[in-house]
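Our numbering applies: residue 71 is where the sequence shown begins, and numbers increase by one.
The block underneath contains the structure these notes are about, expressed in structure tokens.
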Amino acid sequence: MNATELKTFHESAEGTSARVFRAPGRVNLVGEHTDYSGGFCMPAAINFETLIAASLRADRILKLTSVDFGDSVEIDLDTLPMDRQKHWSGYVIGVVWSLRQAGIEVPAASLTITGNVPLGAGLSSSASLEIATGTALLALGGNSITGAKLARLCQIAENDYMGAPVGIMDQFVSANGKAGNALILDTRALTFDLAPIPPHLRLVIANSMVKHSLADGGAYASRRREVEEGAAAIAAYKPGATQLRDATLADLEVCKPYMSVEAYKRSRHVISDSQRVLDGAEMLRKGDIEGFGEMLNDAHRSYRDDFEASCPECDILQVIGQTQPGCYGSRLTGGGFGGCVVSVVEAEASDAFVAAIKAEYMAQTSIHPEVYVCATADGAGELS
71 MNATELKTFH
81 ESAEGTSARV
91 FRAPGRVNLV
101 GEHTDYSGGF
111 CMPAAINFET
121 LIAASLRADR
131 ILKLTSVDFG
141 DSVEIDLDTL
151 PMDRQKHWSG
161 YVIGVVWSLR
171 QAGIEVPAAS
181 LTITGNVPLG
191 AGLSSSASLE
201 IATGTALLAL
211 GGNSITGAKL
221 ARLCQIAEND
231 YMGAPVGIMD
241 QFVSANGKAG
251 NALILDTRAL
261 TFDLAPIPPH
271 LRLVIANSMV
281 KHSLADGGAY
291 ASRRREVEEG
301 AAAIAAYKPG
311 ATQLRDATLA
321 DLEVCKPYMS
331 VEAYKRSRHV
341 ISDSQRVLDG
351 AEMLRKGDIE
361 GFGEMLNDAH
371 RSYRDDFEAS
381 CPECDILQVI
391 GQTQPGCYGS
401 RLTGGGFGGC
411 VVSVVEAEAS
421 DAFVAAIKAE
431 YMAQTSIHPE
441 VYVCATADGA
451 GELS
């Protein structure tokens with residue numbers, strides 16, 4: 071359902087005129103697990119998005135209708151439920167709760183929601199829904215805040231209402247994305263620069279359809295502890311180095327005897343991947359797409375060998391991808407232990423690339439991958 075169809079659907083159901091808002095999903099090109107070390111990452115908003123048609127109500131009800139789930143719920147704004155964590159509406163209610171915690175009044179409204187961000191594919195469907203919700207409710211209430219502030223409030227909603235310990239990258243790029251560019255996000259300062267993605271390129275995302283049991287939170291927690299162990303060892307040597315963001319690879323080598331092998335490897339990945347973001351941005355600004363692609367391949371090796379967050383299926387996808395005509399580079403993206411591989415591909419080669427990925431991955435694993443050809447997109451806003 072496109073924006074025009076959604077608007078017509080909403081107005082027919084609600085009997086009043088509607089405004090339509092959107093927020094994109096995202097893919098992270100490089101810079102994994104750098105956010106909790108204050109480092110840099112390079113996400114891009116993509117042309118898969120959540121759409122919300124919205125109108126004000128005269129009562130105290132927030133009516134939520136999901137076109138895709140065929141479901142509708144009504145929430146009393148005076149008795150906001152705190153137990154919707156296992157229902158899609160929880161992402162919307164969490165944003166309402168977070169806005170209120172920040173002193174922003176939320177008006178009674180009807181929201182009709184649809185989207186084409188694939189669920190469970192690591193393209194941030196939840197952040198897209200949260201940012202679209204916040205954008206709609208702020209506009210309906212006559213309120214205005216910065217994209218960074220909205221991203222933070224939506225992160226709080228997912229952390230504290232939904233109970234998911236996510237960083238801020240997903241919400242930030244959904245709110246602040248810029249078509250034709252990737253964001254160079256400083257996760258400590260919450261500021262960003264832009265790096266151009268040429269229009270002749272596509273970001274092709276292949277879903278391995280695999281999520282290993284290591285992704286149950288235990289592996290994430292152990293990786294984070296190991297990163298913090300490395301940071302603590304460096305802080306003892308280098309005063310003022312409160313996070314790995316403040317360390318160099320030379321600092322890490324000096325401190326290697328004072329940390330576990332695992333902490334050393336995890337820290338080496340975080341420090342080098344954060345630097346790859348900055349190096350990759352310069353490559354894009356200079357038009358060095360070949361160098362950028364090889365950097366993506368290096369990033370995958372780091373994620374696989376140092377952070378040890380890949381899996382056999384994703385390694386297969388990455389090798390298939392990087393060896394195809396028209397592909398500059400490929401790497402595992404997202405939290406790891408399964409999920410998606412992103413490749414930078416010439417637009418004119420993308421159809422053949424998708425066909426090859428599907429055929430070769432199926433031949434090697436007996437798994438049918440889902441593959442999405444994406445272009446960059448602007449961040450959230452209202453459609454005219």
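Even for Gly, the Cβ is constructed at its ideal location relative to N, Cα and C.
Using only the alpha-carbon positions, how far apart do Thr149 and Val166 sit? For the purposes of this step, residue 149 is taken as the residue at position 79 of the sequence shown. For the purposes of this step, residue 166 is taken as the residue at position 96 of the sequence shown. Put simply, the backbone Cα of Thr149 is about 12 Å away from that of Val166.
Please return the same chain residues whose Cβ sits closer than 8 Å to the Cβ of Arg130, not counting the five positions on each side in sequence. The residue you call residue 130 lines up with position 60 of the sequence shown. Here the set comprises Asp146, Leu147, Asp148 and Ala178.
With DSSP run on the structure shown, which of helix, strand or coil describes Pro266? The count along the sequence shown starts at 1 and reaches residue 266 at position 196. Strand at Pro266.
For Tyr442, the nearest candidate out of Met279, Thr312, Val297 and Met71 (CA to CA): Taking the first residue of the sequence shown as position 1, residue 442 is located at position 372. Measuring C-alpha to C-alpha distances from Tyr442 to each of Met279, Thr312, Val297 and Met71 identifies Met279 as the nearest.
Length of the line joining the Cα atoms of Ser342 and Ala252: Looking up residue 342 in the sequence shown gives position 272. Looking up residue 252 in the sequence shown gives position 182. So the two alpha carbons sit approximately 19 Å from each other.
Buried or exposed: Asp376, going by 16 or more other Cβ atoms within 10 Å of its Cβ? Start at 1 with the first residue of the sequence shown, and residue 376 comes out as number 306. Answer is buried; the Cβ neighbour count reaches 16.
Can you round the beta-carbon distance between Ile116 and Leu273 to whole angstroms, since I take them to be within the 8 Å contact cut? Sequence index remark: in the sequence shown, residue 116 carries index 46 (1-based). Sequence index remark: in the sequence shown, residue 273 carries index 203 (1-based). Contact between Ile116 and Leu273 holds, since their C-beta atoms are separated by about 7 Å, short of 8 Å.
For Ala73, which residues in the same chain have their Cβ closer than 6 Å to its Cβ, ignoring the five residues on either side in sequence? As a first step, residue 73 is located in the sequence shown; it is residue number 3 there, counting from the start. Short of 6 Å from the beta carbon of Ala73, and not among the five residues preceding or following it, lie these beta carbons of its own chain, in chain order: Val90, Leu121 and Leu453.
Can the beta-carbon of Ser214 be found less than 9 Å from the beta-carbon of Ala450? The residue given as residue 214 occupies position 144 in the sequence shown. The residue given as residue 450 occupies position 380 in the sequence shown. Not a contact, by the Cβ cut-off of 9 Å.
Do you know how far the Cα of Gln394 is from the Cα of Ala426? Residue numbering aside, residue 426 sits at position 356 when the sequence shown is read from its first letter. Residue numbering aside, residue 394 sits at position 324 when the sequence shown is read from its first letter. Going by the C-alpha atoms only, they are around 8 Å apart.
Less than 9 Å between the C-beta atoms of Gly406 and Tyr431, yes or no? Taking the first residue of the sequence shown as 1, we reach residue 406 at position 336. Taking the first residue of the sequence shown as 1, we reach residue 431 at position 361. By the CB criterion at 9 Å, Gly406 and Tyr431 fall outside the cutoff.
Among Lys326, Cys410, Ala419 and Val414, nearest to Gly190 - alpha-carbon criterion: The residue labelled residue 190 in the question sits at position 120 within the sequence shown. The shortest C-alpha to C-alpha distance from Gly190 to any of Lys326, Cys410, Ala419 and Val414 is the one to Cys410.
Below 6 Å CB to CB, which residues in the same chain sit around Lys281 once its five sequence neighbours on both sides are set aside? Within the sequence shown, residue 281 is the residue found at index 211, counting from 1. So the list reads Gly408, once near-sequence residues are dropped.
Kindly identify the DSSP beta-bridge partner or partners of Gly408. Translated into the one-based positions of the sequence shown, residue 408 becomes position 338. DSSP output for Gly408 lists Lys281 as bridge partner(s).
Start and end of the alpha helix (DSSP H) containing Tyr161? Taking the first residue of the sequence shown as 1, we reach residue 161 at position 91. Taken as a continuous stretch (DSSP letters only), the alpha helix (DSSP H) holding Tyr161 covers Ser159 to Gln171.
Give every residue of the same chain whose Cβ lies closer than 8 Å to the Cβ of Ile437, excluding the five residues on either side of it in the sequence, and list them in chain order. Position 367 of the sequence shown, counting from 1, holds the residue named residue 437. Only Ser278, Met279, Val280, Glu383 and Tyr431 meet the Cβ criterion.
Does the structure place the segment 183-198 close enough to the segment 102-118 that three or more beta carbon pairs sit under 8 Å? At 8 Å Cβ cutoff, the stretches touch.
Inspect the CB distances between the segment 346-358 and the segment 90-110 and report whether three or more fall short of 8 Å. Taking a cut-off of 8 Å for Cβ pairs, the segment 346-358 and the segment 90-110 touch, as three or more such pairs fall below it.
Glu332: which of Ile359, Leu319, Cys224 and Ser292 sits nearest, CA to CA? Locating residue 332 in the sequence shown gives position 262, counting from the first residue. Looking at the Cα atoms, Ser292 is the closest of the given residues.
Under a three-way DSSP split, which group does Cys444 fall into? By 1-based counting over the sequence shown, the position of residue 444 is 374. In the structure shown, Cys444 sits in a strand (DSSP, three-state: E or B).
Close-in-space but distant-in-sequence residues of the same chain around Met71 (CB under 8 Å, 5 per side omitted): Counting from one through the sequence shown, the residue named residue 71 turns up at place 1. Excluding sequence positions up to five before and after Met71, its CB lies within less than 8 Å of the CB of Phe79, Leu121, Val137 and Thr184, all in the same chain and listed in chain order.
Relative to the alpha-carbon of Ser180, which residue among Lys133, Asp256 and Ala351 has its alpha-carbon at the smallest distance? Reading the sequence shown from its first residue, position 110 is the one you call residue 180. Of the candidates Lys133, Asp256 and Ala351, the one whose C-alpha sits nearest the C-alpha of Ser180 is Lys133.
Identified DSSP bridge partners for Ala124: Start at 1 with the first residue of the sequence shown, and residue 124 comes out as number 54. Paired residues: Arg89 and Leu181.
Using the Cα positions of Ala447 and Ala306, report the straight-line distance between them to the nearest angstrom. Mapped onto the sequence shown, residue 447 falls at position 377. Mapped onto the sequence shown, residue 306 falls at position 236. Looking at the backbone, the Cα of Ala447 and that of Ala306 are separated by about 43 Å.
Measuring alpha carbon to alpha carbon, tell me which residue in Gln171, Leu76, Val415 and Glu81 is nearest Ala276. Residue 276 sits at position 206 when you count from the first residue of the sequence shown. Nearest of Gln171, Leu76, Val415 and Glu81 to Ala276, Cα basis: Val415.
I need the straight-line Cα distance from Arg355 to Ile267, nearest angstrom please. Residue 355 sits at position 285 when you count from the first residue of the sequence shown. Residue 267 sits at position 197 when you count from the first residue of the sequence shown. Going from the Cα of Arg355 to the Cα of Ile267 covers about 9 Å.
Span of the beta strand (DSSP E) around Ala252: In the sequence shown, counting from the first residue as 1, residue 252 sits at position 182. Looking at the DSSP string, the run of the beta strand (DSSP E) that includes Ala252 is Asn251 to Asp256.
Count the other CB atoms within 10 Å of the CB of Asp141; is the residue buried (16 or more) or exposed (fewer)? Within the sequence shown, residue 141 is the residue found at index 71, counting from 1. Classification of Asp141: exposed, given that the 10 Å Cβ count is below 16.
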